Amino acid sequence: MPRRPSASTRREPYFTKRQLEDEAAVLLAEYGRDFEAVIEPPVPIDEIIELHLKLTFEFRDMRSLFGVGDVHGALWVNENRVGVDQSLDPDENPAKLGRFRFTLAHEAGHWRLHRTLFQRHANQPSLLPEADDRANYICRSSDTSPLEWQANYFAAALLMPRELVLQEWDKWRGNLDPIYLDDLRPRQQEIITSELLRRGGLSMGEDSINNTLFEHACRPLAETFEVSAEAMRIRLENLKLLCHRKEPSLFE
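Here the sequence shown is numbered in UniProt numbering, starting from 1 and rising by one per residue.
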């Protein structure tokens, strides 16, 4: 089993990408030891949450609960409870399956990485000044804090483990060669048209177009892992399987 790295003693723990990968691998190994090894996607995040971490989760109307509209998840640490915004219920909104699973994995990341911090200091208390149902931490899509980045990276590594991604990429592509933007340029107009119809609108900025090309290309893999195309695109970019440009070789 991978060895679990020790967290920093700072008030907000610091983790490198490698440490976050290792933390996610440890959690998967623990689940595999106690229940069933995960040898193919999708990663059973709901079972990891409920059976291994022994957390309960429920759908809540986060806007009504917290008074803001961009809360996707929340943790009640002392109650071992996770809340997910009701708009992400995949039974009601099947298109939100990927976002729902990522939110669960994100909260699992907070539980593993930041639980003791939340127990010491209830985050953002002003959101619920008089409420008894006060969460220790809420996760807002607009939050770009280090804790949120860590939980996002952990979630990606948990739902899309490096070895499983490489395994499925090889099955899908027949090799481990990356996809480059230049490979997609000849079909750019066709792809943009397809994505416009799928999404109902697109930003036409260069970065948005490039992201759209990659997300279109990796959508089959995203569906295999039951994550959003955006989450898969970001993970594949981190794993150097989606690349913006070819690096020149020594012989060019």
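Beta carbons are placed, not taken as given, at the ideal position from N, Cα and C, and that holds for glycine.
None of the values given here were measured: they were computed from a predicted structure.
In whole angstroms, what separates the C-alpha of Arg-81 from that of Arg-63? 18 angstroms
Give the list of continuous alpha helix (DSSP H) stretches no shorter than 4 residues that lie fully inside the UniProt domain "IrrE N-terminal-like" (97 to 236). 97 to 120, 146 to 159, 162 to 173, 181 to 184, 188 to 199 and 206 to 225
Gly-32, DSSP secondary structure in three states: helix
I'd like to know whether the C-beta atoms of Gln-119 and Val-77 end up nearer to each other than 7 angstroms. yes
Anyone know if the C-beta pair for Ile-45 and Ala-105 falls short of 7 angstroms? yes
Contact check, Arg-99 vs Glu-226, beta carbons under 7 angstroms: no
Which listed residue (Leu-88, Glu-36 and Ala-155) has its alpha carbon closest to that of Gln-19: Ala-155
Rounded to whole angstroms, what is the Cα-Cα separation between Ala-37 and Pro-186? 41 angstroms
Beta-carbon proximity list for Asp-61, same chain, < 8 angstroms, skipping 5 on both sides: Asp-85 and Gln-86
Taking the DSSP output, what are the residues bridged to Leu-241? According to DSSP, which records beta bridges pairwise, Leu-241 is partnered with nothing at all.
By the three-class DSSP mapping on this structure, what secondary structure does Asp-85 have? strand
Taking the alpha helix (DSSP H) that Leu-65 belongs to, which residues open and close that run? 62 to 66
Per DSSP, what kind of secondary structure is Val-71 in: helix, strand or coil? strand
What residue from Ile-192, Ala-217, Asn-210 and Leu-181 has the CA that sits closest to Glu-247's CA? Leu-181
Cβ shell of Leu-213 (< 7 angstroms), same chain only, five flanking positions each side left out: Leu-181, Leu-184, Gln-188 and Ile-191
If you draw a straight line from the alpha carbon of Arg-245 to that of Leu-27, how long is it in whole angstroms? 34 angstroms
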